[in-house]
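What the sequence shown shows, in full-length UniProt numbering, is residues 1 to 141, in sequence order.
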Amino acid sequence: MEERYLTVNVVTPDGLVYDHHARIVVAKLVSGEIGIMPRHAPIIAPLDIDEVRVKRVDSDTHVDWIAVNGGILEVRDDVVSIIADSAERERDIDVSRAERAKIRAEKMIEEAKQSEDVDQLRRATVALHRAINRINVSKHG
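Pasting the structure below:
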């Protein structure tokens, strides 16, 4: 019996960020974590701001980490498609830029709390979550 695998692709408005074959994909949906293996039932679900882990077919120990800033995950016929506003592989993350974004977001949160600006607080909290996600994923590289 032939070995089945997943085809995984991650697309952003800037184009294709990732395209490989995998044994398993682990992602964080808004509703919780999901593990996807070949023959998974079709699904379309919203993604949380988090890391996506892809265990590649070319090595038992090779795992790719991708920082995904929300989006949609679709699984159909052993193809896992992620459509995201932005996504970066661990090796492509500019850590100093992410650290600066984290500091900016923390400052914005403080300002929003002082001025009681709920919208600014929400935006700043999302920006902080994205920066921390990128920093965490970069550590896997």
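Using N, Cα and C, we set each Cβ at its ideal position, and we do this for glycine too.
Keep in mind the model is a prediction, meaning the values are calculated, not measured.
- Residue range Ile43 to Arg56 is occupied by the beta strand (DSSP E) that includes Val52.
- If you ignore the 5 residues before and after Arg4, its C-beta comes within less than 8 Å of the C-beta of Pro38, Arg39 and Asp78, all in its own chain and listed in chain order.
- Closest option to Asp48, judged by alpha-carbon separation, among His140, Ser138 and Arg130: Arg130.
- For Glu99, the enclosing alpha helix (DSSP H) has its first and last residue at Val95 to Ser115.
- Taking all protein chains shown into account, Arg89 has 16 or more neighbouring C-beta atoms within 10 Å of its C-beta and is therefore buried.
- Val63 places its beta carbon 8 Å or farther from that of Val25.
- Annotated three-state conformation of Thr12 is strand, per DSSP.
- With a beta-carbon spacing of about 5 Å, Val17 and Ala87 fall inside the 8 Å limit used to define contacts.
- Apart from the 5 residues on each side of it in sequence, Glu74 sits with its Cβ closer than 6 Å to the Cβ of Ile44 and Ser81 in its chain, given in chain order.
- For Lys139, the number of other beta carbons within 10 angstroms of its own is below 16, and it is reported as exposed.
- Ranked by how close their Cα comes to the Cα of Glu33, the residues Arg104, Asp50 and Arg100 have Asp50 in first place.
- Following the DSSP letters along the chain, one finds Ala84 in no alpha helix (DSSP H), marked with neither H nor E.
- For Asp64, the enclosing beta strand (DSSP E) begins and ends at Val63 to Arg76.
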